[in-house]
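1369 is the number of the first residue of the sequence shown in our numbering; add one for each residue after it.
Ideal Cβ placement from N, Cα and C applies to all residues, glycine included.
This report concerns only the one structure given below.
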Amino acid sequence: MGEEIVLTVDSIARILRLERDVGILALLSLTDVYEGFLEMGYEVSGKDIKEEITKTKKEDWLRFQNMDPSISGRYAEGVRRDKKTGARLSKDEIKSLQKQDEKPKEIKLEWGKGLAQKREAEARLQELELEKAKPFARTRDDDDLNNILKNAVRWGDPMAHLVKKKHSEVVLPDIGDNERMKESGFIIPQEVPKHSWLKWGLDAAPNGYGIRAAGED
1369 MGEEIVLTVD SIARILRLER DVGILALLSL TDVYEGFLEM GYEVSGKDIK
1419 EEITKTKKED WLRFQNMDPS ISGRYAEGVR RDKKTGARLS KDEIKSLQKQ
1469 DEKPKEIKLE WGKGLAQKRE AEARLQELEL EKAKPFARTR DDDDLNNILK
1519 NAVRWGDPMA HLVKKKHSEV VLPDIGDNER MKESGFIIPQ EVPKHSWLKW
1569 GLDAAPNGYG IRAAGED
């Protein structure tokens, strides 16, 4: 077995600086460096290696701080380029692109939640103001309640087309006009279609066997 070599702190420093210059030290941990010295037959403590690595990193950091920003790239602004042409965009062009990206989100938020909720809140406030002047209890002779129930257009009502001719606004929401319902194919028409026999004043069509309803010729 060869003679045991004891390294001094200066010797460790020289080896670590060599590793740093080559670019290997950044890839090695303290354990890797310590095991590497042991494999080479060097007797060295982990404390010495840790102190020298800390000192080396501090020197590197100070050297980077004192380096010219044009060389180190410090404080450099990010460069944004056009996706199609690759040309560098100016600050004004970047701001305009950011505004275009933000507008659809704001519109979606306004129409998806904010606007509808605002209208519902205003309608509730108007109803509450009207209710303040009314008596506490409602009876069967309450004209306002009767009118609300009579004027309500309910989704899926086969006679809804008759009510719509008298009232322009629908009291209850028409789910059949929902875009998601249309995409799924689940649509209940609120009016009698033009091709229906009811529109043409004809008798009901017979069934698949040519049999009409009872009482028909």
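Distance CB(Ile1462)-CB(Arg1448) smaller than 8 angstroms | It is a contact, given that the beta carbons lie within the stated cut-off.
What did DSSP end up calling Arg1456 once you bin it into helix, strand or coil?
-> Three-state DSSP puts Arg1456 in a strand.
Glu1372, buried or exposed, once every other Cβ within 10 Å from all chains shown has been counted against 16 | Bear in mind that the predicted position of Glu1372 carries a pLDDT of just 45, short of 50, making it unreliable; the figure below should be weighed with that in mind. Glu1372 should be labelled exposed.
Go ahead and label Glu1445 buried or exposed: buried means 16 or more other beta carbons lie within 10 angstroms of its beta carbon, across all protein chains shown.
-> Under this definition Glu1445 is an exposed residue.
Determine the extent of the alpha helix (DSSP H) in which Lys1567 is found, giving its start and end residues.
-> Note, Lys1567: alpha helix (DSSP H), 1565 to 1568.
By a C-beta neighbour count over all protein chains shown, 10 Å radius and 16 as the cutoff for buried, is Pro1437 buried or exposed?
-> Pro1437 should be labelled exposed.
Do you know how far the Cα of Trp1565 is from the Cα of Asn1575?
-> 14 angstroms
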